[in-house]
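Quick note: to get the numbering used here, add 347 to the position in the sequence shown (first position is 1). What follows is a set of notes on a single structure, which appears directly below.
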Amino acid sequence: TRTIEMEVKDLEGVQAVKANVETKKVEITFDSPADEQKIKSLLAEIDYPAEGLITL
């Protein structure tokens, strides 16, 4: 969990990350220059691919 959170937080524009490995959910708060595609790509790189994405 810490690794997922630390990796995603390193993306410029990401403000907050909360990962739950048990439920396989990650909650990410971000602004530009981060975007959904960059986040999806990073999650795939760390073997935590985004399968269902909900944007609020």
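Ideal Cβ placement from N, Cα and C applies to all residues, glycine included.
{"Item": "Any non-hydrogen atom of the ligand SAM closer than 7 angstroms to residue 351 Cβ", "Value": "Ligands are entirely absent from the displayed structure, and the ligand SAM is therefore not among its contents."}
{"Item": "Those residues which DSSP pairs with residue 374 across a bridge", "Value": "365"}
{"Item": "Residue 398 (DSSP reduced to helix, strand or coil)", "Value": "coil"}
{"Item": "N- and C-terminal bounds of the alpha helix (DSSP H) containing residue 388", "Value": "383 to 392"}
{"Item": "Residue 389 versus residue 363: straight-line alpha-carbon distance, rounded", "Value": "15 angstroms"}
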